[in-house]
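Going by the UniProt record's numbering, the first residue of the sequence shown is number 1, and it counts up by one from there. Virtual Cβ for every residue (Gly too), placed ideally from N, Cα, C. This structure is a prediction, so every number in the text was calculated from the model and none was measured.
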Amino acid sequence: MDPAEIPIQTELVELVPNGKYAVNASAIPLVGNTRFEEPQPTVAEMEEFLPQGPDKKQTHFTDFEGKTSFGMSVFNLSNAIMGSGILGLAYAMANTGILLFLFLLTTVALLSSYSIHLLLKSSGIVGIRAYEQLGYRAFGTPGKLAAAIAITLQNIGAMSSYLYIVKSEVPLVIQTFLNLEEKSTDWYLNGNYLVILISLTIILPLALMKQLGYLGYTSGFSLSCMVFFLISVIYKKFQIPCPLPEQDSNGTSNLSDAQGSTSDYQNGYPVLQPAAAAAACSASLFTLNSQTAYTIPIMAFAFVCHPEVLPIYTELKDPSKKKMQGISNISIAVMYVMYFLAALFGYLTFYGQVESELLHTYSYVDPFDVLILCVRVAVLIAVTLTVPIVLFPVRRAIQQMLFQGKDFSWVRHTAIAVVLLITINLLVIFAPSILGIFGLIGESWHVLPEPPPRRCREPSAPRTSTL
């Protein structure tokens, strides 16, 4: 037979790092048993971090077509950033001063944005959409386990802090609704029972959603609640006098224990004379004390959103690194403004008397304030709706560690969510304070930036643990 009549090979399969394949339809002629083609890469070369060449098909790191819009993705990522951390920022400012707080907040925001940039760049190069697989490509099995454990512990801490807010605030809201001056021992005023009830009736159904994009509407509503919180904090700055008068056990002003004369009133509140007020109501631009160390972990915790970046990127419609970076920048910028304004006006309202949980400080002024009651309800709704978003990456990390390669199972999907919620509820019930959660989880398990992309551009370089 004439070599020209030998059937030609019509297509080749080219492996890409995300497990899919690209079809090269260019014909390659055969002469006898000899192929005239480029030498094939070795298996070791294909497993390295190789950038996309100009003649290669672009790697897509989704296994399905995303349907989540740009706006919904901003809502989801902003909601992942926004959480109970905003309630501790006024306390952080009181222990650092306005200028030092602004410097630290700006630094953490920029580092968070840059770390997301590195994450997206690394993911785009290797075509992988999971933290655990990125860790595996960079450092093997130890890297995979380290990434999965870090995400799991950090997000469990985040969800614990959110539910701690629910535990501490829901009884106060119910007590105010019922106009009870003293807390009773009824079950509906027990925070432990209430947090379990809310976990079963609200959080669990949302956590059972198959895809994260379905939570875009609840994220938008959650952010609206936090905007209402911010507006209320700003408004209260001009309604509450400083310094606050002493109060007795039933929540009324105890004028006999106040310092100085209290013959003047402002908006119905007794106020001190100028001499006494000046000492207690002066803002500090720079402060260092024993509580300053809590500031960095509180702010680092407030900007954490990295475990949610890749899942949101995966479900984004027409995904690109530029589009996802824009979503990240917008989300961080909006949260930065909200954080600073909430911290500033919360601090300027109470100064040195601000507590680690801002809403408790408002309760000190007037436990039955209708506006603050509405703010409590809004914050409770916001943090409750944030928990399902934070739970998604944890479940994914557990599946990557224990069930990698297995098909989707509703039984496993549900079981992991139930076990996680049980664990988190136990942590919330036995946690001593929200500040302890902020300090421990924020400092220890904040997701750090990805390894520099140069590891992905040097396939011939030996693997080392040096970043």
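Item, Value
"CB-CB under 6 Å to Y362, same chain, minus the five flanking residues each way: which ones, in chain order?", "I372"
"Near G220, what residues of its chain come up, given a Cβ to Cβ distance below 7 Å and the 5 sequence neighbours on each side ignored?", "F75"
"Inspect the CB distances between the stretch 327 to 340 and the stretch 196 to 208 and report whether three or more fall short of 8 Å.", "no"
"May I ask which residues mark the beginning and end of the alpha helix (DSSP H) holding S224?", "G216 to K237"
"Measure the C-alpha to C-alpha separation of G301 and I327 and round it to an integer number of angstroms.", "Note that residue 301 corresponds to Phe in the displayed sequence, not to Gly. Cα to Cα, the separation comes out at about 19 Å."
"Helix or strand or just coil, what does DSSP make of L316?", "strand"
"Counting Cβ pairs, one atom from each stretch, are 3 or more of them under 8 Å apart for the stretch 147 to 154 and the stretch 121 to 139?", "yes"
"Per DSSP, T68 forms a beta bridge with which residues?", "L316"
"Can you look up E169 in the DSSP assignment and give me helix, strand or coil?", "helix"
"Buried or exposed: which applies to F430, given that a residue is buried once 16 or more other Cβ atoms fall within 10 Å of its Cβ?", "exposed"
"Tell me which residues share the same chain as T141 and place their Cβ nearer than 8 Å to its Cβ, disregarding the 5 neighbours each side in the sequence.", "none"
"Quick check on the DSSP output: the alpha helix (DSSP H) that includes R412 runs from which residue to which?", "W410 to F430"
"Between the stretch 349 to 358 and the stretch 90 to 105, are three or more C-beta pairs nearer than 8 Å?", "yes"
"What are the complete alpha helix (DSSP H) segments, minimum 4 residues, inside the stretch 129 to 165?", "131 to 139"
"Less than 8 Å between the CB atoms is what I'm expecting for E316 and S73, so what's the real figure, rounded?", "Residue identity differs from the one stated: residue 316 is Leu in this sequence, not Glu. Between S73 and L316 the Cβ distance is about 5 Å, and since that is below 8 Å, they are a contact."
"Going along the chain, which unbroken runs of the alpha helix (DSSP H) with 4 or more residues stay wholly within the stretch 311 to 372?", "321 to 350 and 358 to 365"
"Just mark L119 as buried or exposed, buried being the case when its beta carbon has 16 or more other beta carbons within 10 Å.", "buried"
"If I312 sits next to L427, beta carbons under 8 Å apart, how far is it from one beta carbon to the other, in whole angstroms?", "That belief does not hold up - the Cβ atoms of I312 and L427 are roughly 26 Å apart, past 8 Å."
"Note the first and the last residue of the continuous alpha helix (DSSP H) segment covering F101.", "I98 to V126"
"Considering only residues of the same chain and omitting the five flanking positions on each side of M324, which have a CB-CB separation below 7 Å?", "L120, Y313 and L316"
"Going by DSSP, what residue range makes up the alpha helix (DSSP H) through F303?", "That residue, F303, is in no alpha helix (DSSP H); it is neither H nor E in DSSP."
"For the putative contact between V383 and V166, defined by C-beta atoms under 8 Å, what is the C-beta separation to the nearest angstrom?", "7 Å"
"With a CB to CB cut of under 8 Å and the five nearest residues on each side skipped, what residues in its chain are close to I389?", "N76, N79, A80, L212, L215, S219 and E308"
"So L104 and I296 are in contact, right, with Cβ under 8 Å, and what is the actual spacing, rounded?", "6 Å"
"Name the residue from V418, I298, Q353 and L180 whose alpha carbon lies nearest to the alpha carbon of S161.", "I298"
"I need the straight-line Cα distance from residue 476 to P243, nearest angstrom please.", "Since the displayed the chain opens at 1 and closes at 467, residue 476 lies outside it and no answer follows."
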